[in-house]
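Chemist: According to the numbering used here, the sequence shown is numbered sequentially starting from 881.
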Amino acid sequence: MSKKHRNHNLGWRVRGSRQAGLTLLELLIAMGLGLFLVAGLIQVLLANRVAFNVQENMSRIQEDGRFVTTVMNKAVSMAGYREDSTVAASTQFSTYTIPSTPALPPPITFNGAQVVRGTDDNGTGTTDEIQDGTDTVAVRFRGSTDNTTRDCHGTVIASGTIAINRFYVDEDTLYCRSDIYNPATGAVLSAANPKQPLINNVEDMQVLYGMSTSGGTNDIAAECYIDASTTLGSGSDCTTLNYDQVVSVRISLLLKSEDDNLTPDKSAQTYTFNGAIATAADSRLYRTLTTTIAIRNKIL
């Protein structure tokens, strides 16, 4: 009896072991589910990476925008500064032409007591430092005895000298170049002063000049904004550009992301810049930045 019982148990154990493990069909199903899950995880990771790149590039654009707005607002608002505000600007500033080295055609000349000048779309090719189709703007101001007046390079402007800050775009970089000169002799004191890069990835810069049509000394309200391509004149009716009547400067910058292929489906972005609708030539992100700066020293 016990022998039969043992054989019966052994047979049961053998038959049970033959039922263990996975069939080929079950294995294929498991592998398919695994591959499906892995593919889903890869898609999530790729989507997160694209979102991260977009956010990182947008953050850079916003940071650059805040920085350059601060710098340009401070520099342009210094136009016409003189330490003794009781002395008329006409006796503090005289006609002066910015040196043409390095080549920045056409040369900018401040006539009489003008403290702001500009050029419109004057980039002409590889022989100059100006990016094609972009504007430039220049302002000048006097130094001070307390050594608190500085140019866009951070250089102290000594009393008795005049600094000119020039902003322009070259090879997608916004630069500021400072020239310091002696108004008594016209001698340039900083001929070897290098240009200072401010931010990269600048596609365009356009500048408009706010003119006061009233002609009043203390009137700093602009009735119209016109560009530097407008015919120069001495009137105040906005049909000609009279830099003596300019009381504010409106600067528009077109900034772009450093990385390409960031737009949905890698499509070209459409944006509005300087009053015109345009379509990008690539798949970068583009953002416009506009700031209007009052020339406060005009009221002195």
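Just so you know, even glycine gets a beta-carbon here, dropped at the ideal spot from N, CA and C.
1. Work out the CA separation of residue 917 and residue 1158 for me, nearest whole Å.
2. What number of angstroms, rounded off, separates the C-alpha of residue 915 from the C-alpha of residue 907?
3. Which term fits residue 1085, buried or exposed, when burial requires 16 or more other beta carbons within 10 angstroms of its beta carbon?
4. By Cβ distance below 7 angstroms, which residues in the same chain neighbour residue 1178 in space, the five residues on each side in sequence not counted?
5. Is the CB-CB distance between residue 1058 and residue 963 below 7 angstroms?
6. Tell me where the beta strand (DSSP E) around residue 1174 begins and ends.
7. Just to confirm before moving on: does the CB-CB distance between residue 973 and residue 993 stay below 7 angstroms?
8. Based on DSSP bridge pairs, tell me the residues matched to residue 1090.
9. Assuming residue 1120 is part of the alpha helix (DSSP H), what are its boundary residues?
10. Figure out for me which residue from 990, 1134 and 1030 has the closest Cα to the Cα of residue 1122.
11. Could you spell out where the beta strand (DSSP E) holding residue 1149 opens and where it closes?
12. Can you name, in chain order, every residue of its own chain whose Cβ lies under 6 angstroms from the Cβ of residue 1146, other than the five neighbours on each side?
13. What whole-angstrom Cβ distance do residue 1001 and residue 1015 have, given they're in contact under 8 angstroms?
14. Can you check which of these residues, 913, 948, 931 and 922, is closest to residue 1078 by C-alpha distance?
Modeler: On the basis of the coordinates in this document:
1. 43 angstroms
2. 12 angstroms
3. buried
4. Counting only Cβ-Cβ distances below 7 angstroms, and skipping sequence neighbours, we find 960, 1100 and 1127.
5. Taking 7 angstroms as the cut-off, the Cβ atoms of residue 1058 and residue 963 do not count as close.
6. Where residue 1174 is concerned, the enclosing beta strand (DSSP E) stretches over 1166 to 1174.
7. yes
8. 1105 and 1128
9. From DSSP, residue 1120 is part of no alpha helix (DSSP H); its letter is neither H nor E.
10. Considering only alpha carbons, the answer is 990.
11. Note, residue 1149: premise wrong, no beta strand (DSSP E); not H, not E.
12. In chain order, 1163 place their CB closer than 6 angstroms to the CB of residue 1146, counting only its own chain and leaving out the 5 sequence neighbours on each side.
13. 6 angstroms
14. 948
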